[in-house]
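In the numbering used here, the protein residues as written are 148 to 355.
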């Protein structure tokens, strides 16, 4: 009996340390009131789980948007680019990996480990997937999936727009990290967006 109990305890311990994010999509036809929904669990014990409002902003023509690295533990980002909550004068500012052209106006949204939902009800969930190629952040790979989700929150109003923008940015500026899945929803439809680094580790492969 003691041997069986020991085996069960060890098995339970092994199961408890698994990293397994869960994503959910509910389409119009599956919900009672016709709502479209997505949600996810970020299975990350070290992550900075603050829920932060990033306000809308306006920019001068020719401005650049910094792209910051993915940082799991607190603080995931320090600086003035994403509203007052992240701007802590007692902490060193996060250094960007690179820059892209900025748009004249960005939308307000809620941010966590990834972009969550913006003022147009564009919502995103996330789940890490396996991939044959893993790329490190570099001057050839400045986007991870979290950075892509935030740019989508800032610039798009529909799931299709978000997918097209994230895919185009990852192909042009490079994608680093593991394979990833984003569930992307708006008030009318939801999509599953999958992405990984390209074999040369300078671009991206994606599908939706």
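Think of the CB as a built atom: it goes at the ideal place given N, C-alpha and C, for glycine as much as any other residue.
Assigned exposure category for residue i - 16 Cβ within 10 Å defines buried
i, result
"residue 237", "exposed"
"residue 262", "buried"
"residue 286", "exposed"
"residue 235", "exposed"
"residue 239", "exposed"
"residue 183", "buried"
"residue 167", "exposed"
"residue 242", "exposed"
Cβ shell of residue i (< 6 Å), same chain only, five flanking positions each side left out
i, result
"residue 324", "291"
"residue 272", "170, 185, 186, 187 and 330"
"residue 212", "247 and 249"
"residue 313", "295 and 299"
"residue 232", "199"
As assigned by DSSP and simplified to three states, the class of residue i
i, result
"residue 182", "coil"
"residue 330", "strand"
"residue 130", "No statement about residue 130 is possible, as the shown extent of the chain runs from 148 to 355 and does not include it."
"residue 298", "helix"
"residue 319", "helix"
"residue 352", "strand"
"residue 314", "helix"
"residue 198", "coil"
"residue 233", "helix"
Selected residue, minimal CA-CA separation from residue i, among the options
i, options, result
"residue 361", "219, 259, 274 and 209", "The chain is shown only over 148 to 355; residue 361 falls outside these bounds and no answer can be derived."
"residue 214", "296, 328 and 235", "296"
"residue 338", "305, 317 and 318", "305"
"residue 255", "249, 244 and 269", "269"
"residue 219", "191, 180 and 253", "191"
"residue 315", "340, 274 and 251", "340"
"residue 207", "345, 260 and 252", "252"
"residue 204", "353, 266 and 336", "266"
"residue 201", "226, 239, 189 and 179", "226"
"residue 264", "293, 216, 355 and 167", "293"
"residue 318", "355, 282 and 345", "345"
"residue 348", "301, 257 and 282", "282"
Sequence-distant residues of its chain with Cβ nearer than 7 Å to residue i (five each side left out)
i, result
"residue 289", "214, 244, 245, 320 and 321"
"residue 181", "175"
"residue 309", "269, 299, 303 and 331"
Cβ-based neighbour list, residue i, same chain, cut-off 8 Å, excluding 5 preceding and 5 following
i, result
"residue 277", "325 and 326"
"residue 195", "218, 219, 220, 221, 222, 223 and 260"
"residue 280", "343, 344, 345, 346 and 348"
### Any alpha helix (DSSP H) of 4 or more consecutive residues that is wholly inside the region 253-310
Within the region 253-310, the complete alpha helix (DSSP H) runs of at least 4 residues fall at 292-302.
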